[in-house]
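Novice: Here this note's numbering runs 5 ahead of the position in the sequence shown, where the first position is 1. Just so it is clear, CB atoms sit at the ideal spot from N, CA and C, and this is done for glycine as well. Since this is a predicted model, take the numbers as computed values, not measurements. Handing you a structure now.
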Amino acid sequence: MTRGLSGGNKPEVVICTYRIKKGHDAAFLKQLARHWPTLKRQGLVTGKASTVYRGVDESKNSFFVEIFTWKARGAQNAHKDPAVMQVWEGMGVHMEKRLGRPEMEFPHVEAVRMRFAKA
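Here it is as structure tokens:
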């Protein structure tokens, strides 16, 4: 797991990318549907539900992106939680390394305040 920008002292947005094996989309989505509710039930994430996107990469295979916000220390605590680990294991069987990238990536990010130029 990537250490967050805040070191776990405040809520952190995470962008999870999951690279899915060919033919596994439906089974993966069934598992993913359990992910955020489990994190929420275990008190690890904020109240705003995750947002999920689907894409197709250069290999013509699917990937999914899930964005949500961990509570302070939520990411660290998730790795010790049996209910979360069970969901992650169920998701993991549907993923693969691809295009030189790992099965999944979890960069933690923070919002940047922008002053956009006038058009």
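Which of helix, strand or coil does DSSP assign to M96?
Specialist: helix
Novice: When DSSP labels each residue in this structure, what does K26 get in the three-state scheme?
Specialist: Here K26 sits in coil by DSSP.
Novice: Can you list, in chain order, the residues of its chain whose CB lies under 8 Å from that of I25, leaving out five sequence neighbours each side?
Specialist: F33, N66, S67, F68, F69, H99, M100 and E101
Novice: Using the three-state DSSP reduction, which class does L109 fall into: helix, strand or coil?
Specialist: According to the sequence as given, residue 109 is Met; it is not Leu. Strand at M109.
Novice: Identify every run of the beta strand (DSSP E) within the stretch 46-81, keeping only runs that are complete inside it and at least 3 residues long; order them along the chain.
Specialist: Taken in chain order, the complete beta strand (DSSP E) segments of 3 or more residues contained in the stretch 46-81 are 56-61 and 67-75.
Novice: Using DSSP bridges, identify the partner residues of R103.
Specialist: R106
Novice: Is it true that the CB of E71 sits closer than 9 Å to the CB of W49?
Specialist: In the sequence as displayed, the identity of residue 49 is Leu instead of Trp. No; because the gap between Cβ atoms is not below 9 Å, this pair is not in contact.
Novice: Using a Cβ-Cβ cutoff of less than 7 Å, which residues in the same chain neighbour V61 once the five nearest sequence positions on both sides are dropped?
Specialist: S67
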